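Visitor: I have a structure here, written as structure tokens, and I will follow up with some questions on it.
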Amino acid sequence: MGTNEKIWIACGVVGFLLLLALAAGLYWLCKARARRAVESTLEDVRVTGLVPGMEGVLFSSDELLGPAGATEPTWDSDVVILDTSSGALGRECYSEDNELYRVLGIAGREIDEDVRKNVGRSSFVCGPKGCTSAGYKWSLVHVCPPGLHNPSGFTDPRDEVYEAVSEAAQSLFSYSLLRHVDEIVNTREADRGLTILIQVPFSEPHGEVVSKHGQAKIFAECFAVIGTPAVRERLGARVKVCCGDEETRGICAEAVFRVNRDAQAR
Numbered sequence: 001m002g003t004n005e006k007i008w009i010a011c012g013v014v015g016f017l018l019l020l021a022l023a024a025g026l027y028w029l030c031k032a033r034a035r036r037a038v039e040s041t042l043e044d045v046r047v048t049g050l051v052p053g054m055e056g057v058l059f060s061s062d063e064l065l066g067p068a069g070a071t072e073p074t075w076d077s078d079v080v081i082l083d084t085s086s087g088a089l090g091r092e093c094y095s096e097d098n099e100l101y102r103v104l105g106i107a108g109r110e111i112d113e114d115v116r117k118n119v120g121r122s123s124f125v126c127g128p129k130g131c132t133s134a135g136y137k138w139s140l141v142h143v144c145p146p147g148l149h150n151p152s153g154f155t156d157p158r159d160e161v162y163e164a165v166s167e168a169a170q171s172l173f174s175y176s177l178l179r180h181v182d183e184i185v186n187t188r189e190a191d192r193g194l195t196i197l198i199q200v201p202f203s204e205p206h207g208e209v210v211s212k213h214g215q216a217k218i219f220a221e222c223f224a225v226i227g228t229p230a231v232r233e234r235l236g237a238r239v240k241v242c243c244g245d246e247e248t249r250g251i252c253a254e255a256v257f258r259v260n261r262d263a264q265a266r
């Protein structure tokens with residue numbers, strides 16, 4: 001093999017290696033940009049509580065009444081309140097220690113017999129209705145599935161937490177809620193908008209097994225898996241997930257974002 005041929009071969013090898021290095025560099029550059037774009041979007045999701053692909057749903061740091069410490073409702077529409085607390089579980093009267101019940105004027109009121117029988121057994125139990133001083137109507141729904149506040153004897157408590165929190169998430173997409181919303185919409189005198197408020201559930205009896213933030217993440221992941229992008233169109237109402245603080249809001253919004261992103265990547 002002549003000297004010129006060797007030179008050409010060497011140049012070809014070097015050229016190939018340069019092209020390979022260039023391709024690898026472009027690949028990693030695109031990947032880094034995509035990662036930065038995802039991280040930027042994720043940061044927006046954590047801050048705003050708005051998840052792409054879940055239009056009509058807001059993950060908020062508020063509690064059910066509004067910002068932490070609110071002593072009056074801050075709602076700007078009629079509301080359906082999905083109450084995941086234990087304030088009506090195993091009681092004759094609504095708990096007087098529950099701030100929401102006090103504001104609604106039902107604290108200490110006797111609980112309807114049908115409600116009393118079904119809270120803790122069913123994940124959707126319609127409670128009382130009323131009206132705020134601002135004229136907005138409210139409807140209280142107890143979302144207290146078996147195992148959420150009354151451990152029912154699962155061999156593995158983690159399984160029970162997952163089952164109960166998942167059922168709470170499913171209540172947002174249940175036929176019972178659709179029917180309940182339809183009844184409210186059909187009986188309203190004016191269209192002032194409707195918001196569905198759901199409190200991120202927390203099973204205190206299982207708090208040592210799965211932390212509050214761990215349970216919030218389970219709830220959000222289940223919400224994303226069974227949810228639909230057209231939540232607002234399906235329900236005819238906005239949905240506000242009341243996380244109670246900024247950290248929990250960020251955890252929930254990020255969990256939904258990641259589930260949706262992974263589903264689209266499949």
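Start counting the sequence shown at 1; every next residue gets the next number (my numbering).
Every residue gets a Cβ at the ideal spot worked out from N, C-alpha and C, and that includes glycine.
Computed from a predicted model, the values in this text were never measured in an experiment.
#1: Measure the alpha-carbon distance for GLY120 versus ARG102 and round it to whole angstroms.
#2: Select from HIS149, PRO157, LEU82, VAL225 the residue whose C-alpha is nearest the C-alpha of ARG91.
#3: Please report the Cβ distance between VAL200 and THR248, rounded to the nearest whole angstrom; I am assuming they are in contact, meaning their Cβ atoms lie under 8 angstroms.
#4: Thinking just about the alpha-carbon of each residue, which of GLY236, PHE257, LEU100, ILE218 is nearest to the one in TRP138?
#5: Could you spell out where the beta strand (DSSP E) holding VAL181 opens and where it closes?
#6: The beta strand (DSSP E) with ARG238 in it runs from where to where?
#7: What does the alpha-carbon distance come out to for the pair TYR288 and ARG179?
#8: Considering just the uninterrupted stretch of the beta strand (DSSP E) at ILE218, what are its terminal residues?
#9: GLU63 and CYS242 look like a contact to me (Cβ under 8 angstroms); what is the Cβ gap, rounded to whole Å?
#10: Kindly indicate which three-state DSSP category GLU110 falls into: helix, strand or coil?
#11: Which residue wins for smallest C-alpha separation from TYR94, given the options ILE106, THR84, ASP83, SER85?
#12: What's the gap between the Cα of ASP156 and the Cα of GLU167?
#13: For MET54 and GLY227, which I take to be in contact (beta-carbon distance under 8 angstroms), what is that distance rounded to the nearest angstrom?
#14: Thinking VAL185 and VAL80 are a contact (beta carbons under 8 angstroms), I'd like their distance in whole angstroms, please.
#15: Taking the C-alpha atoms as reference points, what is the distance between TYR175 and TRP75?
#16: On the DSSP letters alone, give me the boundaries of the alpha helix (DSSP H) that PHE159 sits inside.
#17: Would DSSP call CYS144 helix, strand or coil?
#18: Distance check for ILE198 and LYS240, CA to CA, integer angstroms please.
#19: Select from GLU183, TYR162, GLY236 the residue whose C-alpha is nearest the C-alpha of GLY193.
#20: Return the chain-ordered list of same chain residues with a C-beta closer than 6 angstroms to the C-beta of HIS169, the five sequence neighbours on each side being excluded.
#21: By Cβ distance below 6 angstroms, which residues in the same chain neighbour ILE196 in space, the five residues on each side in sequence not counted?
#22: Could you tell me the boundaries of the alpha helix (DSSP H) in which VAL103 lies?
#23: State buried or exposed for SER171, treating a residue as buried only when at least 16 other CB atoms are found within 10 Å of its CB.
#24: Could you give the DSSP three-state label for GLY66: helix, strand or coil?
#25: Measuring alpha carbon to alpha carbon, tell me which residue in VAL161, ALA216, LEU140, GLU246 is nearest VAL209.
Guide: Let's see:
#1: Mapped onto the sequence shown, residue 120 falls at position 120. Mapped onto the sequence shown, residue 102 falls at position 102. Spanning the two alpha carbons is a distance of roughly 21 angstroms.
#2: Residue mapping note: residue 91 aligns to position 91 of the sequence shown, counting from 1. Looking at the Cα atoms, HIS149 is the closest of the given residues.
#3: On the sequence shown, residue 200 is found 200 positions in, with the first residue counted as 1. On the sequence shown, residue 248 is found 248 positions in, with the first residue counted as 1. Rounded, the Cβ-Cβ distance is 6 angstroms, consistent with contact.
#4: By 1-based counting over the sequence shown, the position of residue 138 is 138. Considering only alpha carbons, the answer is LEU100.
#5: Walking along the sequence shown from the start, residue 181 turns up at place 181. Run containing VAL181: none in the beta strand (DSSP E); it sits in the alpha helix (DSSP H), 175-187.
#6: Reading the sequence shown from its first residue, position 238 is the one you call residue 238. First-last of the beta strand (DSSP E) with ARG238: 238-242.
#7: Beyond the ends of the chain as shown, which are 1 and 266, falls residue 288; an answer cannot be given.
#8: Locating residue 218 in the sequence shown gives position 218, counting from the first residue. From DSSP, ILE218 is part of no beta strand (DSSP E) but of the alpha helix (DSSP H) over 212-226.
#9: Working through the sequence shown from its first residue, we reach residue 63 at position 63. Working through the sequence shown from its first residue, we reach residue 242 at position 242. GLU63 to CYS242, Cβ: 6 angstroms. Contact.
#10: Here the question's residue 110 lines up with position 110 in the sequence shown. In this structure, GLU110 counts as strand in the three-state DSSP scheme.
#11: Position 94 of the sequence shown, counting from 1, holds the residue named residue 94. Ranking the options by Cα distance to TYR94, first place goes to ILE106.
#12: For the purposes of this step, residue 156 is identified with residue 156 of the sequence shown, where counting begins at 1. For the purposes of this step, residue 167 is identified with residue 167 of the sequence shown, where counting begins at 1. Cα to Cα, the separation comes out at about 17 angstroms.
#13: As a working note, residue 54 is residue 54 in the sequence shown. As a working note, residue 227 is residue 227 in the sequence shown. Yes, they are in contact, since the Cβ atoms of MET54 and GLY227 sit about 7 angstroms apart, within 8 angstroms.
#14: Position 185 of the sequence shown holds residue 185. Position 80 of the sequence shown holds residue 80. Their Cβ separation, rounded to whole angstroms, is 10 angstroms, which puts VAL185 and VAL80 out of contact at 8 angstroms.
#15: Position 175 of the sequence shown, counting from 1, holds the residue named residue 175. Position 75 of the sequence shown, counting from 1, holds the residue named residue 75. Answer to the nearest angstrom: the Cα atoms are 25 angstroms apart.
#16: What you label residue 159 is simply residue 159 of the sequence shown in a count that begins at 1. Sequence inspection shows Asp at residue 159; the Phe mentioned does not correspond to that position. First-last of the alpha helix (DSSP H) with ASP159: 157-170.
#17: For the purposes of this step, residue 144 is taken as the residue at position 144 of the sequence shown. CYS144: coil per DSSP, three-state reduction.
#18: If you number the sequence shown from 1, residue 240 lands on position 240. If you number the sequence shown from 1, residue 198 lands on position 198. Their Cα atoms are separated by approximately 6 angstroms.
#19: Residue mapping note: residue 193 aligns to position 193 of the sequence shown, counting from 1. Cα-wise, what sits closest to GLY193 is GLY236.
#20: Start at 1 with the first residue of the sequence shown, and residue 169 comes out as number 169. Per the sequence shown, residue 169 should be read as Ala rather than His. Contacts found: PHE219, CYS222, PHE223.
#21: Translated into positions along the sequence shown, residue 196 becomes position 196. So the list reads VAL80, ALA237, VAL239, once near-sequence residues are dropped.
#22: Residue numbering aside, residue 103 sits at position 103 when the sequence shown is read from its first letter. Where VAL103 is concerned, the enclosing alpha helix (DSSP H) stretches over 99-104.
#23: Your numbering for residue 171 matches position 171 in the sequence shown. Classification of SER171: buried, given that the 10 Å Cβ count is 16 or more.
#24: Position 66 of the sequence shown, counted from the first residue, corresponds to residue 66. The answer is coil: DSSP assigns GLY66 none of H, G, I, E or B.
#25: On the sequence shown, residue 209 is found 209 positions in, with the first residue counted as 1. When each option's Cα is compared against that of VAL209, the closest is VAL161.
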